[in-house]
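The numbering used here applies: residue 2 is where the sequence shown begins, and numbers increase by one. So the structure is just underneath, and the comments pick up after that.
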Amino acid sequence: MTEHFRDDALRNDLRALPTPPPSDALVQRVLAGMPRRRSRSVPHWVTGLALSGFLLAVVIGVFEYRAWQTTEELAQLDELSIASMLVL
């Protein structure tokens, strides 16, 4: 079935045709819909401030996790001491 629609000569002839120039109306519509180029990039101090804030959040998270871990260990020791007191 694909051989019925295959025509290499027609395909080659179509590829050989020159590309038509775009109309002025099309060019104006494309240019009107293009996003505007940013005039300046983000200052370096803003990037540094954002990275510093991220690093601070990570450090605080690590300290918070360690504090939680210590609290959990103390709670387990407390439960163990209560259980051992009941045995005695």
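Ideal Cβ placement from N, Cα and C applies to all residues, glycine included. Keep in mind it's a predicted model, so treat the numbers as computed, not measured.
Residue i (DSSP reduced to helix, strand or coil)
i, result
"Asp8", "coil"
"Met35", "coil"
"Arg41", "coil"
"Leu18", "coil"
"Ser24", "coil"
Buried/exposed call for residue i, threshold 16 Cβ in 10 Å
i, result
"Met2", "The pLDDT assigned to Met2 is 47, lower than 50, so where the model puts this residue is not dependable; a value taken from the coordinates is nonetheless given after this. So Met2 counts as exposed."
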